[in-house]
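Structure, as structure tokens:
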Ligand code: XMP
Ligand code: MG
């Protein structure tokens, strides 16, 4: 896609690459402090969290194992339903681990609340969440998220790992998708 065509599909840039990098450095310092001496495991939720994981994990001033989970939360287009199916499970036994789930975005919160319960039932010592973005006005269930990058309005956003129909993930910034693209 040409740059001009991409720009046509987007309205505002909400968070820039530079703002993301600075925020992840800040969160990494906090996490390193909070988990000092603990058996920390980062779990990324595929595919949206790939960029956050890559940048956040490298900002951490410590060695840490990384695992991935792929889930699909059934829904159509831009809405999630809360019915979650595991597409790729973890490779790691969670017993005694302090799990930090790395997410791109909390929208309704339905996917995360399901994941939190699922991980707790596998014997993790603790389960916390780091999300780059959160849409406070869209949340349908309360999810405790210890580390949040940016609270944003409820518009559908893409870029920095976030997609619409598998497109726009490799954009560097987070931008609002123009409604004409999906309506
Ligand atoms: P929920 O609603 O369960 O969100 O908190 C689960 C997943 O839905 C995706 N999601 C988005 N993807 N732009 C996207 O590209 C968005 O604005 C958006 N809102 C939700 C995302 O994968 C999230 O983990
Ligand atoms: Mg996701």
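Numbering (this note's numbering), first residue to last: 827 to 1009.
Each residue gets a CB set at the ideal place from its N, CA and C atoms; glycine is no exception.
Look at the alpha carbon of residue i and the alpha carbon of residue j, and state the distance between them as a whole number of angstroms.
| i | j | result |
| --- | --- | --- |
| residue 946 | residue 953 | 7 Å |
| residue 848 | residue 1006 | 32 Å |
| residue 839 | residue 1000 | 6 Å |
| residue 928 | residue 968 | 17 Å |
| residue 1002 | residue 985 | 9 Å |
| residue 858 | residue 888 | 7 Å |
| residue 935 | residue 965 | 6 Å |
| residue 960 | residue 975 | 8 Å |
| residue 891 | residue 832 | 36 Å |
| residue 851 | residue 886 | 8 Å |
Are there any heavy atoms of ligand 1 lying less than 7 Å away from the beta-carbon of residue i, as far as the coordinates show?
| i | result |
| --- | --- |
| residue 870 | no |
| residue 990 | yes |
| residue 932 | yes |
| residue 984 | yes |
| residue 935 | yes |
| residue 898 | no |
| residue 938 | yes |
| residue 874 | yes |
| residue 970 | no |
| residue 943 | no |
| residue 929 | yes |
Measuring CA to CA, which of the options is closest to residue i?
| i | options | result |
| --- | --- | --- |
| residue 983 | 974, 994 and 975 | 994 |
| residue 923 | 863, 933, 931 and 884 | 863 |
| residue 956 | 831, 842, 860 and 981 | 860 |
| residue 979 | 908, 883 and 841 | 841 |
| residue 937 | 837, 897 and 883 | 897 |
| residue 931 | 866, 917 and 877 | 877 |
| residue 843 | 915, 926 and 987 | 987 |
Using the rule of at least 16 other Cβ atoms within 10 Å of the residue's Cβ for burial, across every protein chain shown, is residue i buried or exposed?
| i | result |
| --- | --- |
| residue 874 | buried |
| residue 963 | exposed |
| residue 1008 | exposed |
| residue 854 | buried |
| residue 827 | exposed |
| residue 881 | buried |
| residue 829 | exposed |
| residue 950 | buried |
For this session: Would you mind listing the alpha helix (DSSP H) stretches within the stretch 859 to 894 that are 4+ residues and don't spill past its ends, in chain order?
Result: If we require 4 residues or more, the alpha helix (DSSP H) runs fully inside the stretch 859 to 894 come out as 876 to 885.
For this session: Give, in chain order, every unbroken run of the alpha helix (DSSP H) that is at least 4 residues long and sits entirely within the stretch 926 to 960.
Result: Listed in chain order, the complete alpha helix (DSSP H) runs (minimum 4 residues) inside the stretch 926 to 960 are 936 to 946.
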